[in-house]
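What follows is a single structure, written as C-alpha cells, with notes after it.
Residue numbers (this note's numbering): 8 to 102.
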C-alpha cells in the first residue's frame with residue numbers, strides 16, 4: 008500500500024512541476040484519478056462491491072463516460088486556466 012500511496016504523491020508533484028514548465032507554452036498538465044469504475048476488470052457486481060460502496064458517498068461504481076467527460080473538459084478551452092491539479096472522480100471514496 009505504501010508504494011501505491013507514494014506513486015499517487017509522485018504524480019501530484021510531477022503534474023505541478025510540468026505545469027510550471029509547460030504553462031508558458033500554453034500547455035496544461037493535470038492528473039485524473041478515477042476511483043472504482045465499472046469495467047470488465049472491475050465490474051460493479053464484483054465480489055468487492057459492498058465493501059467499496061460502504062466507503063463511498065455515492066454508492067455505485069463510476070462509469071467510463073464520466074471519466075471521459077472530465078478528460079474532455081480538461082482538454083477543452085473551458086479548462087484553459089486549469090493546470091497542475093489532481094482531479095479525483097471516485098464518488099467520495101477517498102474523502
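Yeah, the Cβ is synthetic: ideal placement off N, Cα and C, and Gly gets one too.
When the Cα atoms are used, what is the spatial distance from residue i to residue j?
| i | j | result |
| --- | --- | --- |
| residue 90 | residue 48 | 30 Å |
| residue 12 | residue 65 | 23 Å |
Return the residue from the list the options that minimises the CA-CA distance to residue i.
| i | options | result |
| --- | --- | --- |
| residue 88 | 12, 13, 27, 95 | 27 |
| residue 67 | 44, 86, 14 | 44 |
Give me, in chain order, the residues of the same chain whose beta-carbon lies closer than 7 Å to that of residue i; leave out the 5 immediate sequence neighbours on both sides.
| i | result |
| --- | --- |
| residue 18 | 38 |
| residue 23 | 91 |
By Cβ distance below 6 Å, which residues in the same chain neighbour residue i in space, the five residues on each side in sequence not counted?
| i | result |
| --- | --- |
| residue 92 | 37 |
| residue 41 | 74, 96 |
List the endpoints of the continuous beta strand (DSSP E) containing residue i.
| i | result |
| --- | --- |
| residue 94 | 92-96 |
| residue 37 | 37-41 |
Got a sec, what are the start and stop residues for the alpha helix (DSSP H) residue i sits in?
| i | result |
| --- | --- |
| residue 89 | Counting along the chain, residue 89 falls outside any alpha helix (DSSP H), and DSSP gives it neither H nor E. |
Exercise for the section: Check whether the stretch 74-88 touches the stretch 50-66, counting contact only when three or more Cβ pairs, one atom from each stretch, lie closer than 8 Å. Expected result: no
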